[in-house]
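S.K.: Here you go, one structure.
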Amino acid sequence: MKQLITTLVLLATTVTFSQEATPYPKLLNTPADWKNEFFTIPLSFAQELPLQGFEEAVFPPGWSDVESEALWSYAFAWHVSAQQPLSALDLEAYLQQYFDGLMQVELVQKEDPNVSPTNVLLLKQATQNNSTHYIGKVKTYDRFRSQKMMTLHLELEQYYCPKEKKSVTVFRFSPKERHETVWDMLRSVILLDGYCTIEK
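Under numbering that gives the first Met the number 0, the first residue of the sequence shown is numbered 0, with each subsequent residue one higher.
Here you go:
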């Protein structure tokens, strides 16, 4: 029990320090028991991303627990400079770079040639004013849990800010089908007001 408490205290201290040290503002409205992290874009594990800005990633309880219904269910938002909205092809390519980097696919392929690069497919659902909505799938390697290929279902909303020349995109992922209850939780994660004008 003492060891467990010590571990939890260290984890809480790390998360708190990370949040206090970040130079970036919050983008996403999340429940109090979710954890969040901020990253500069280009990301350290995906330096080839041709974008400038930042990411807020948010994680529900159980997202890293192999016994949880929320395993690999999480969301993130990108706030990046863009002269025009990012196209579906752009977003597919950037997500491939993101997951290939996160999962270290090129390194894993040296040990296991059966591991494939990430494959991303987006389907446009609607365009409203300055927002575009997609659904899709990401097939990628899970180097953290199963060490096997996995499929993540995806919902994506891009909001374009023409005056500020910013693209603000919310990505939601889960291996669960989109009709399952975990998606109610993911869809409750929305952008905070003023996302166009916030600055780091």
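Ideal placement from N, C-alpha and C gives every residue a C-beta, glycine not left out.
1. Run the CB neighbour count on H178, radius 10 Å, all protein chains shown included, and call it buried at 16 or more, exposed below.
2. Would you give the residue range spanned by the alpha helix (DSSP H) that V104 belongs to?
3. What runs of the beta strand (DSSP E), each 3 residues or longer, lie entirely inside the stretch 81–150?
4. Tell me which residues share the same chain as V114 and place their Cβ nearer than 6 Å to its Cβ, disregarding the 5 neighbours each side in the sequence.
5. Pull the bridge partners of H152 from the DSSP assignment, please.
6. Indicate whether F75 and A56 have their beta-carbon atoms separated by less than 9 Å.
7. Taking C-alpha atoms, which residue in I40, H78, W62 lies nearest to K25?
8. Using DSSP with H/G/I as helix, E/B as strand and the rest coil, what is L26?
9. Looking only at its own chain, which residues have a Cβ that is under 7 Å from the Cβ of V8, when we skip the five neighbours before and after it?
10. So what's V188 in DSSP terms, helix, strand or just coil?
11. Would you check if the stretch 186–195 and the stretch 164–171 touch, i.e. whether three or more CB-CB distances between them fall below 8 Å?
12. Return the CA-CA distance between L94 and K123, expressed in angstroms with no decimal places.
13. Give the range of the beta strand (DSSP E) segment to which G193 is assigned.
14. Do you know whose CA, among V188, E176, V181, lies nearest A69's CA?
15. Bridge partners of H78, per DSSP?
M.R.: The structure says:
1. Counting from one through the sequence shown, the residue named residue 178 turns up at place 179. Looking at its Cβ environment, which holds fewer than 16 other Cβ atoms inside 10 Å, H178 is exposed.
2. Translated into the one-based positions of the sequence shown, residue 104 becomes position 105. Start and end: 104–110.
3. 118–127, 130–141
4. Within the sequence shown, numbered from 1, the residue matching residue 114 stands at position 115. Result list for V114: V107, Q108, Y140, in chain order.
5. By one-based count along the sequence shown, residue 152 stands at place 153. DSSP output for H152 lists K136, S173 as bridge partner(s).
6. Your numbering for residue 75 matches position 76 in the sequence shown. Your numbering for residue 56 matches position 57 in the sequence shown. Yes, the pair counts as a contact, with Cβ atoms nearer than the cut-off.
7. One-based indexing of the sequence shown puts residue 25 at position 26. For the residues I40, H78, W62, the minimum Cα distance to K25 belongs to H78.
8. In the sequence shown, the residue the question calls residue 26 occupies position 27. Coil at L26, not helix or strand.
9. Working through the sequence shown from its first residue, we reach residue 8 at position 9. With a pLDDT of only 35 at V8, under 50, the local geometry of the prediction cannot be trusted, and no value is derived from it.
10. By 1-based counting over the sequence shown, the position of residue 188 is 189. If DSSP states are grouped into helix, strand and coil, V188 belongs with coil.
11. yes
12. Numbered from 1 along the sequence shown, position 95 holds the residue referred to as residue 94. Numbered from 1 along the sequence shown, position 124 holds the residue referred to as residue 123. Rounded to whole angstroms, L94 to K123 spans 16 Å at the Cα level.
13. For the purposes of this step, residue 193 is identified with residue 194 of the sequence shown, where counting begins at 1. Per DSSP, G193 belongs to no beta strand (DSSP E) and is neither H nor E.
14. Here residue 69 is taken as the residue at index 70 of the sequence shown, counted from 1. Looking at the Cα atoms, V181 is the closest of the given residues.
15. To locate residue 78, count along the sequence shown from 1; it is residue 79. F53, V167, per the DSSP bridge assignment.
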